[in-house]
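Participant: Same order as they appear, the protein sequences are chains A and B.
If you're matching positions, the first sequence starts at 90 in our numbering and goes up one per residue.
If you're matching positions, the second sequence starts at 90 in our numbering and goes up one per residue.
Glycine residues also receive a C-beta, built at the ideal position from the N, C-alpha and C atoms.
Quantities reported herein were computed from a predicted structural model and do not represent experimental measurements.
2 protein chains.
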Amino acid sequence: MAFSKKDQFHPREGDLARYAAALAHPARIAILKTLAQRKECVCGEIVEILPLAQSTVSQHLKVLKQAGLIQGDVEGPRSCYCINPGALERLSELFHGLLAEMPETKGNPHGKRKSCC
Amino acid sequence: MAFSKKDQFHPREGDLARYAAALAHPARIAILKTLAQRKECVCGEIVEILPLAQSTVSQHLKVLKQAGLIQGDVEGPRSCYCINPGALERLSELFHGLLAEMPETKGNPHGKRKSCC
DNA sequence: TGAATTGATCGTATATTTACGATAAAAGAA
DNA sequence: TTCTTTTATCGTAAATATACGATCAATTCA
Chain A
90 MAFSKKDQFH PREGDLARYA AALAHPARIA ILKTLAQRKE CVCGEIVEIL
140 PLAQSTVSQH LKVLKQAGLI QGDVEGPRSC YCINPGALER LSELFHGLLA
190 EMPETKGNPH GKRKSCC
Chain B
90 MAFSKKDQFH PREGDLARYA AALAHPARIA ILKTLAQRKE CVCGEIVEIL
140 PLAQSTVSQH LKVLKQAGLI QGDVEGPRSC YCINPGALER LSELFHGLLA
190 EMPETKGNPH GKRKSCC
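1. Please list, in chain order, the residues of the segment 92-106 of chain A that have any C-beta partner in chain B closer than 7 Å.
2. Measuring from the CB of B:Leu177, is there a heavy atom of the ligand GDP at a distance below 7 Å?
3. What is the DSSP secondary structure of A:Gly157, reduced to helix, strand or coil?
4. Counting C-beta neighbours from all protein chains within 10 Å, is the total for A:Pro115 16 or more, i.e. buried, or is it exposed?
5. Tell me which residues share the same chain as A:Gly157 and place their Cβ nearer than 7 Å to its Cβ, disregarding the 5 neighbours each side in the sequence.
6. So, are the CB atoms of A:Leu105 and B:Ala109 less than 8 Å apart?
7. Since A:Val131 sits in a beta bridge, which residues does DSSP pair it with?
8. So B:Glu178 is in the alpha helix (DSSP H); what residue range does that whole segment cover?
9. Taking the beta carbon of A:Phe92 as the centre, do at least 16 other beta carbons fall within 10 Å, making it buried, or is it exposed?
10. May I ask you to list the residues that DSSP assigns as paired with B:Asp162?
11. Under the assumption that A:Phe98 contacts B:Ala142 (Cβ atoms under 8 Å), give the Cβ distance between them as a whole number of angstroms.
12. When the cut-off is 8 Å and only beta carbons count, does B:His149 lie next to chain A?
13. A:Lys122 by DSSP, collapsed to three states: which one?
14. Does DSSP put B:Leu150 in a helix, in a strand, or in coil?
15. Do A:Cys171 and A:Gln160 have their C-beta atoms within less than 8 Å of each other?
16. Under 9 Å between beta-carbons, which chain B residues line up against A:Leu112? List them in chain order, please.
17. Since A:Val136 and A:Val146 are thought to touch, with beta carbons under 8 Å apart, how far apart are those beta carbons, to the nearest angstrom?
18. I believe A:Cys130 touches A:Leu124 by the beta-carbon criterion, under 8 Å. Please report the beta-carbon distance rounded to the nearest angstrom.
19. Which of helix, strand or coil does DSSP assign to B:Pro140?
20. Give the interface partners of A:Ala119 over in chain B, defined as CB-CB distance under 8 Å, in chain order.
21. Could you tell me the distance, in whole angstroms, from the CA atom of B:Ser168 to the CA atom of B:Leu187?
22. Within its chain, find whatever has a CB closer than 8 Å to the CB of A:Asp272; leave out the 5 residues flanking it on each side and keep chain order.
23. Assign B:Gly196 to one of two classes, buried (16 or more other C-beta atoms within 10 Å of its C-beta) or exposed (fewer than that).
24. Among A:Gly165, A:Leu180, A:Glu190 and A:Glu193, which residue has its Cα nearest to the Cα of A:Arg107?
25. Starting from the C-beta of B:His199, find all residues in its chain whose C-beta is less than 8 Å away, skip the five residues before and the five after it, and write them out in chain order.
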């Protein structure tokens, strides 16, 4: 891949794709759920919950932070993370914008169409 | 990465992560929108719209198909793709399940918190 | 039949992601 | 000050993703 072409699309598609990439690993979804559940949101707690090494968890936290979905504060020797509700709202907005363009599904719930054309 | 640990999480998190991975490239979002807009859904049309080579578009279509978000039928010499509404519904369900666990955002719209803890 | 069209797949190059251990940096405790 | 705790970062290895041209297989057209 000489160079990426991700910039050559509409900004909304790029933004949604970036959020989607941040959610594209179950560990990061688990981190978001953990941050939502707990008031305490210290990195070490997440490390205990997930089946991953500390450095790997730190890397996932960085991905979520760079996507804007979480933010982190230094609290003495430890780092305290929390969800950024504004980003989730923006993500929700982008996702619903996509869904709104999709075909109705009421007539064929949970099933695939027989054919396309 | 000696081996992936994606399987060591809850199935719902794995499923949502897989859908998110399929949406994690703006080209694939553009493809979904195109399929939604047009009745005709032939591969060649998508190639004309996107700034990508035919083989690359075919690769993206394969990713979307393997994620279940689209399906494809052979139509003579061409391939006709369409959206799979059932998968979109499942994705929507999983995403809303995640959102439902997230903190309320009404009090702080579009803004970041001052701090976490 | 032979030529053209269509799209999947192969091969390849490069970039990014995932995972870990080791280490460094910062702050608190002794 | 020194030791401990905590977490980010570095280095590394392997896997996966992205992009392209070339080619192959299937079908249609002449």
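Facilitator: Looking at the coordinates:
1. Lys94, Lys95, Gln97, Phe98, Glu102, Gly103, Leu105 and Ala106
2. As far as ligands go, the structure on display features none, and thus does not contain the ligand GDP.
3. Your numbering for residue 157 of chain A matches position 68 in the first sequence. Note: A:Gly157 maps to coil in three-state DSSP.
4. Your numbering for residue 115 of chain A matches position 26 in the first sequence. Result: buried.
5. For the purposes of this step, residue 157 of chain A is taken as residue 68 along the first sequence, with counting starting at 1. Result list for A:Gly157: Asn173 and Ala176, in chain order.
6. For the purposes of this step, residue 105 of chain A is taken as the residue at position 16 of the first sequence. For the purposes of this step, residue 109 of chain B is taken as the residue at position 20 of the second sequence. No, the pair does not count as a contact, with Cβ atoms beyond the cut-off.
7. For this step, residue 131 of chain A is matched to residue 42 along the first sequence. Bridge partners of A:Val131: A:Cys169.
8. Counted from its first residue, the second sequence places residue 178 of chain B at position 89. Taken as a continuous stretch (DSSP letters only), the alpha helix (DSSP H) holding B:Glu178 covers Pro174 to Glu190.
9. Translated into the one-based positions of the first sequence, residue 92 of chain A becomes position 3. Burial call: exposed.
10. Stepping through the second sequence from its first residue, residue 162 of chain B is reached at position 73. Answer by DSSP bridge pairing, in chain order: B:Cys169.
11. Translated into positions along the first sequence, residue 98 of chain A becomes position 9. Translated into positions along the second sequence, residue 142 of chain B becomes position 53. Incorrect: roughly 15 Å between the Cβ atoms, too far for contact.
12. In the second sequence, residue 149 of chain B corresponds to position 60, counting from 1. Not one chain A Cβ lies under 8 Å of B:His149.
13. Counting from one through the first sequence, the residue named residue 122 of chain A turns up at place 33. Looking at A:Lys122 - three-state DSSP - the assignment turns out to be helix.
14. Reading the second sequence from its first residue, position 61 is the one you call residue 150 of chain B. The answer is helix: DSSP assigns B:Leu150 an H, G or I state.
15. In the first sequence, residue 171 of chain A corresponds to position 82, counting from 1. In the first sequence, residue 160 of chain A corresponds to position 71, counting from 1. Cβ distance < 8 Å, so A:Cys171 and A:Gln160 count as in contact.
16. Residue mapping note: residue 112 of chain A aligns to position 23 of the first sequence, counting from 1. The contacting residues are Leu105, Ala106, Tyr108, Ala109, Ala110, Leu112, Ala113, Phe184 and Leu187.
17. Mapped onto the first sequence, residue 136 of chain A falls at position 47. Mapped onto the first sequence, residue 146 of chain A falls at position 57. Confirmed, about 5 Å.
18. Reading the first sequence from its first residue, position 41 is the one you call residue 130 of chain A. Reading the first sequence from its first residue, position 35 is the one you call residue 124 of chain A. About 5 Å; that satisfies the 8 Å criterion.
19. Sequence index remark: in the second sequence, residue 140 of chain B carries index 51 (1-based). Reduced to three states, the DSSP call for B:Pro140 is coil.
20. Here residue 119 of chain A refers to the residue found at position 30 when the first sequence is read from its first residue. By Cβ distance, chain B contributes Phe98, His99 and Glu102.
21. Position 79 of the second sequence, counting from 1, holds the residue named residue 168 of chain B. Position 98 of the second sequence, counting from 1, holds the residue named residue 187 of chain B. Distance between the alpha carbons of B:Ser168 and B:Leu187: 35 Å.
22. Since the displayed chain A opens at 90 and closes at 206, residue 272 of chain A lies outside it and no answer follows.
23. Taking the first residue of the second sequence as position 1, residue 196 of chain B is located at position 107. A caution first: B:Gly196 carries a pLDDT of 48, below 50, which makes its placement in the model unreliable, though a value can still be read off. B:Gly196 is exposed by the Cβ-count criterion.
24. Translated into the one-based positions of the first sequence, residue 107 of chain A becomes position 18. Ranking A:Gly165, A:Leu180, A:Glu190 and A:Glu193 by Cα distance to A:Arg107 puts A:Leu180 first.
25. Residue mapping note: residue 199 of chain B aligns to position 110 of the second sequence, counting from 1. With a pLDDT of 49 at B:His199, under the threshold of 50, the modelled position of this residue cannot be trusted; read the value that follows with caution. For B:His199, where only same-chain residues beyond five positions count, there are no Cβ hits under 8 Å.
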